[in-house]
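The listed protein sequences derive, respectively, from chains A and B. Numbering-wise, the first sequence is residues 85 to 194 according to our numbering. Numbering-wise, the second sequence is residues 364 to 476 according to our numbering.
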Amino acid sequence: LAKTTQPISMDSYEGQEVNITCSHNNIATNDYITWYQQFPSQGPRFIIQGYKTKVTNEVASLFIPADRKSSTLSLPRVSLSDTAVYYCLVAGDNTDKLIFGTGTRLQVFP
Amino acid sequence: DAGITQSPRYKITETGRQVTLMCHQTWSHSYMFWYRQDLGHGLRLIYYSAAADITDKGEVPDGYVVSRSKTENFPLTLESATRSQTSVYFCASTWDRGGDEQFFGPGTRLTVL
């Protein structure tokens with residue numbers, strides 16, 4: 085069971101780079117690592133997904149070491165609008181084992 | 364409207380009453396999910412469905428019933444609501460399996476008095 089562990093909260097300032105790490109020691113071979121963003125009173129929204137090494141899209145980068153026991157979501161130059169809760173999800177073929185965890189609450193200050 | 368919708372958005376009911384939360388998606392996604400979100404627990408999977416007429420339990424299924432007679436609809440029923448079922452409920456869908464990108468609805472805030 086690929087349970088995830090993330091910091092409960094993080095603070096940052098506008099323009100800084102934010103790195104949120106997720107620990108997933110029991111990740112399975114078929115599991116992918118997916119990050120979601122959630123604003124208050126909204127459903128989570130997909131940010132990025134990866135299997136190994138590094139993945140980058142227009143909003144974030146995802147770094148995954150060779151052992152895949154952890155992953156780091158990197159948000160470059162955050163703005164106030166990045167204030168949200170970020171969830172790390174490790175899942176693959178075993179749909180009944182989907183566990184999001186409690187997420188990381190990111191607060192960005194001016 | 365394209366996408367995934369939930370109804371009602373807000374619901375207040377009393378202990379012991381039956382409540383049904385609706386979820387509708389327009390993408391013909393195979394997989395659909397129901398989650399509940401409570402403070403301190405994040406998102407917890409209640410039930411999921413891999414296709415029409417195929418449903419299975421998630422992490423916290425007790426007290427809930429689901430059905431999926433059509434691909435686009437996935438209703439969640441609380442047969443006898445309890446106060447512990449006060450929560451925000453999210454429906455989600457995806458093409459192939461749980462590990463793929465999930466698309467979430469706006470949520471239903473349910474209060475059981």
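We treat Cβ as the ideally placed atom computed from N, Cα and C, and that holds for glycine.
The Cβ atoms of Ile367/B and Gly468/B sit closer than 8 Å to each other. With respect to the C-alpha of Ser163/A, the residue from Thr88/A, Asn110/A, Met94/A and Gly99/A having the closest C-alpha is Gly99/A.
Inter-segment contact for the segment 407-427 of chain B and the segment 368-388 of chain B is absent: fewer than three beta-carbon pairs are separated by less than 8 Å. Chain A places a beta carbon closer than 8 Å to that of Gln465/B, counting this residue as a contact. In summary, the residues of the segment 129-140 of chain A whose CB is separated from some CB of chain B by less than 8 Å are Arg129, Phe130 and Gln133, in the order they occur in the chain. Judged by DSSP secondary structure, Phe147/A falls within the beta strand (DSSP E) whose first and last residues are Ser145 to Ile148. For Tyr170/A, there are no C-beta contacts with chain B under 8 Å, since the nearest C-beta of that chain is about 11 Å from it. Here Leu173/A carries a strand assignment [DSSP, helix/strand/coil]. By the criterion of a C-beta distance shorter than 8 Å, Lys136/A is surrounded in its chain by Ile148, Ala150 and Arg152, once the five residues flanking it on both sides are discounted. Judged by their CB atoms, Ser107/A and Thr118/A are not nearer to each other than the 8 Å cut-off.
Using a Cβ-Cβ distance cut-off of 8 Å, the segment 434-442 of chain B and the segment 385-405 of chain B are in contact, since at least three pairs of beta carbons, one from each stretch, lie closer than that value. Rounded to the nearest whole angstrom, the C-alpha separation of Val429/B and Pro194/A is 45 Å. The beta carbons of Leu159/A and Ala144/A sit closer together than 8 Å. Membership of Leu476/B in any beta strand (DSSP E) is not indicated, and neither H nor E is assigned to it by DSSP. For Leu173/A, same chain residues with a beta-carbon under 6 Å away, outside a window of 5 residues either side, are Thr118 and Phe184 in chain order. Counting only residues of its own chain and dropping the five nearest sequence neighbours on each side, Arg372/B has a CB closer than 8 Å to the CB of Pro469, Gly470, Thr471 and Arg472.
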